[in-house]
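Engineer: In the working numbering, the protein residues as written are 3 to 601.
No residue lacks a Cβ here, since even glycine has one placed at the ideal position from N, Cα and C.
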Ligand code: OXD
Ligand code: MN
């Protein structure tokens, strides 16, 4: 089906004239098309077909070692006025950058096919969803976008004659001369640009074929560009998981949570509660779009349709529901290949395979002294394959959000859980969200890295204005019912370096407390930092945690908090005048409360 949308037709013509592909293919999104493209990628040496009896319809891809992750230093946010991009983004003048990139795009698809991928972020036709069209010269991008979003004819139908869409242009930047043989992973390692033009809005990506650099629906559209749309239109585009929690009495509440990288977001999104009678179901593991409904209720969709998860560390003990989602129909990137044509990554099994082909296509054994899989190796899995996918995950109306969680990796200072008494203070807590560096990383131990709302690499405009947008939400509609805001920390350690909290499925105990707070079933105690569980309010039944450990987990150490205040002030200074005055007042008031408590 070709579209009747004239703007789309004109844009495809314009890009084809610039990039000069050998052919143009409009993706219909069908199974037959997907099979054809996967076969073509196997024949071309890009895809390795995995063992059909173990992982049907699944493929492994090994990238160029120079193209393995998002490239934040090559990511640009380009409104006309640099103040709009803020200190949290790399800014370039949009006219100059477009000129530079047009030269790179000129002829960049020679010898390749230009694929047109109409895609919907969110259930097609949902009032919370938005449409994009990605033009790309990468089959890897097409088949991944088909898992991660809804693509094809259905989207063109929804777009109609004059529907709006975000222009997403992508090229691996590796044209082929006539007769030139392609490489398994074409890219242009020395010339990567991941550029965002929020005023269009459009995304221009060049040189990388990997993940968030190339699957433009994800970080580029659903966070950076969508955050600017959300600001203009009065909604929220957030880096959050969404889960549904059902009590033994059958009451259900939805929770969204924003954590910085490496804090177990996907694990929490799919957790298996250890408390009898409680059920957790997954709506999404990475991105959350929220809009008010007519009753002032904030409702959320997961704009994605798949999981692009970090594979290393994922196992039946850390995340059984992720593992169970991977039984078929997945793409694996930069995992290792076992002799029986299956994939493997570090910690996937207790025993590593005796031998494998590493992600660098080199023979590997457990004694090699190197990693078999790249630390950023990924699986791309259809969300519908998750055994605990929420029944409402594709509800066009979205799910009502009752609570928002912030958190970080804080071995010290921050208690297991507490609640913000107001939206304003909760927003403040989001702005000071941080993870502490550990001995595992180079540099000073215990240094705080601030990642407000886990959006530092993903906010498409000045972060100070983003904070103001958060603060403005309750005033956007009459009778706004705002979610309650909580702060959690699964990573608190004892003085002798033990984790005090078991984490994983046991985190449902904290979720239960949050559920009970939201439904008015439990009291809380006030403290200088917010509302903590009353003694005995956390359900610890069947869990052998020493009383002293629990006391430490729930203690508010005012002196330790006071030590963070100068770092918080320095963090705010980076955003200068853009920080809303009420947040500075919240910080002053917190400091005063802590000082009173410390003396
Ligand atoms: C991701 C990330 O890949 O946040 O989801 O980096
Ligand atoms: Mn993410």
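Given residue 466, which residues of its chain have a CB within under 6 angstroms of its CB, disregarding the five upstream and five downstream residues?
Structural biologist: Within the same chain, residue 466 has close Cβ partners 577, 580 and 581.
Engineer: Cα-Cα, which of 279, 198, 201 and 174 is closest to residue 189?
Structural biologist: Among 279, 198, 201 and 174, the Cα nearest to that of residue 189 is on 174.
Engineer: Beta carbon of residue 455, beta carbon of residue 426: below 8 angstroms?
Structural biologist: Contact: no.
Engineer: For the ligand MN, I want to know if residue 132 counts as a neighbour, meaning its beta carbon is within less than 7 angstroms of at least one of the ligand's heavy atoms.
Structural biologist: No.
Engineer: Where does residue 285 sit, in a helix, a strand or coil, going by DSSP?
Structural biologist: Residue 285 falls in the strand class under three-state DSSP.
Engineer: Relative to the ligand MN, what is the chain-ordered list of residues with a Cβ closer than 6 angstroms to any of its non-hydrogen atoms?
Structural biologist: Matched residues: 241 and 288.
Engineer: Are the Cβ atoms of residue 510 and residue 410 separated by less than 8 angstroms?
Structural biologist: Going by C-beta atoms, residue 510 is not nearer than 8 angstroms to residue 410.
Engineer: Starting from residue 123, follow the beta strand (DSSP E) in both directions and report where the run begins and ends.
Structural biologist: Start and end: 115-123.
Engineer: Does the beta-carbon of residue 451, which I'm using as the reference point, lie nearer than 7 angstroms to any heavy atom of the ligand OXD?
Structural biologist: It does not: the Cβ of residue 451 is nowhere closer than 7 angstroms to a heavy atom of the ligand OXD.
Engineer: Using DSSP with H/G/I as helix, E/B as strand and the rest coil, what is residue 568?
Structural biologist: Residue state, collapsed to three classes: helix.
Engineer: Report the CB separation of residue 415 from residue 566 in whole angstroms; it is logged as a contact under 8 angstroms.
Structural biologist: Yes, residue 415 and residue 566 are in contact; Cβ-Cβ is about 7 angstroms, under 8 angstroms.
Engineer: With DSSP run on the structure shown, which of helix, strand or coil describes residue 304?
Structural biologist: In the structure shown, residue 304 sits in coil (DSSP, three-state: anything other than H, G, I, E or B).
Engineer: Do residue 307 and residue 338 count as a contact pair if the criterion is CB distance below 8 angstroms?
Structural biologist: Not in contact: residue 338 and residue 307 (Cβ atoms no closer than 8 angstroms).
Engineer: Could you tell me whether any non-hydrogen atom of the ligand OXD is closer than 7 angstroms to the CB of residue 113?
Structural biologist: Result no, Cβ not under 7 angstroms from the ligand OXD.
Engineer: Using a Cβ-based criterion (distance less than 7 angstroms to any ligand heavy atom), does residue 128 qualify as near the ligand OXD?
Structural biologist: Flag unset: Cβ of residue 128 not near the ligand OXD.
Engineer: Judging by CA-CA distance, which residue of 103, 50, 244 and 459 is the nearest neighbour of residue 485?
Structural biologist: Ranking 103, 50, 244 and 459 by Cα distance to residue 485 puts 244 first.
Engineer: Comparing C-alpha positions only, which one of 198, 179 and 35 sits nearest to residue 155?
Structural biologist: Taking only the C-alpha atoms, the option nearest residue 155 is 35.
Engineer: Leaving aside the five residues before and after residue 122 along the sequence, list all residues of the same chain whose C-beta is less than 6 angstroms from its C-beta, in chain order.
Structural biologist: These residues qualify, in order along the chain: 131, 133, 152 and 157.
Engineer: Closest to residue 63 by C-alpha separation, out of 145, 100 and 528, would be which residue?
Structural biologist: Of the candidates 145, 100 and 528, the one whose C-alpha sits nearest the C-alpha of residue 63 is 145.
Engineer: Is the beta carbon of residue 295 sitting closer than 8 angstroms to the one on residue 267?
Structural biologist: For residue 295 and residue 267, no; Cβs fall outside 8 angstroms.
Engineer: Please specify which runs of the alpha helix (DSSP H), each continuous and at least 4 residues long, are wholly inside the stretch 289-374, giving them in chain order.
Structural biologist: 322-326, all fully within the stretch 289-374.
Engineer: Please tell me whether, using a cut-off of 7 angstroms, the distance from the CB of residue 72 to the nearest non-hydrogen atom of the ligand OXD is below it.
Structural biologist: Yes, the Cβ of residue 72 comes within 7 angstroms of a heavy atom of the ligand OXD.
Engineer: Alpha carbon to alpha carbon, how far is residue 492 from residue 193?
Structural biologist: Cα to Cα, the separation comes out at about 40 angstroms.
Engineer: What separation, rounded to the nearest whole angstrom, lies between the Cα atoms of residue 117 and residue 362?
Structural biologist: Near 28 angstroms, if we compare the C-alpha coordinates of residue 362 and residue 117.
Engineer: So, using beta-carbon positions, are residue 324 and residue 315 closer together than 8 angstroms?
Structural biologist: Cβ atoms of residue 324 and residue 315: not closer than 8 angstroms.
Engineer: Please classify residue 283: is it buried, with 16 or more other beta-carbons within 10 angstroms of its beta-carbon, or exposed?
Structural biologist: Buried: at least 16 other Cβ atoms inside 10 Å.
Engineer: Would you list the residues sitting across from residue 407 in a DSSP beta bridge?
Structural biologist: In DSSP, residue 407 forms a bridge with 259 and 488.
Engineer: Between residue 396 and chain C, is the shortest Cβ-Cβ distance under 8 angstroms, so that the two count as touching?
Structural biologist: Absent from the structure: chain C. Only one protein chain is present.
Engineer: Nearest CA to the CA of residue 279: which residue from 248, 140 and 535?
Structural biologist: Among 248, 140 and 535, the Cα nearest to that of residue 279 is on 248.
Engineer: Less than 7 angstroms separating the Cβ of residue 263 from some heavy atom of the ligand OXD?
Structural biologist: Correct: residue 263 has its Cβ closer than 7 angstroms to the ligand OXD.
Engineer: So the beta strand (DSSP E) residue 133 belongs to, where does it begin and stop?
Structural biologist: Its beta strand (DSSP E) spans residues 132-138.
Engineer: Compare the C-alpha of residue 293 against each of 381, 534, 129 and 373 and name the closest.
Structural biologist: The residue with the shortest Cα to Cα distance from residue 293 is 129.
Engineer: Would you say residue 409 touches the ligand OXD, meaning its beta carbon is less than 7 angstroms from a heavy atom?
Structural biologist: Residue 409 Cβ: outside cutoff for every heavy atom of the ligand OXD.
Engineer: In terms of residues, what are the limits of the beta strand (DSSP E) holding residue 451?
Structural biologist: Where residue 451 is concerned, the enclosing beta strand (DSSP E) stretches over 450-452.
Engineer: Cβ of residue 214 versus every heavy atom of the ligand OXD: is any distance shorter than 7 angstroms?
Structural biologist: At least one heavy atom of the ligand OXD is nearer than 7 angstroms to the Cβ of residue 214, so yes.
Engineer: Using the beta-carbon count (16 or more within 10 Å), is residue 501 buried or exposed?
Structural biologist: Its Cβ having fewer than 16 others within 10 Å, residue 501 is exposed.
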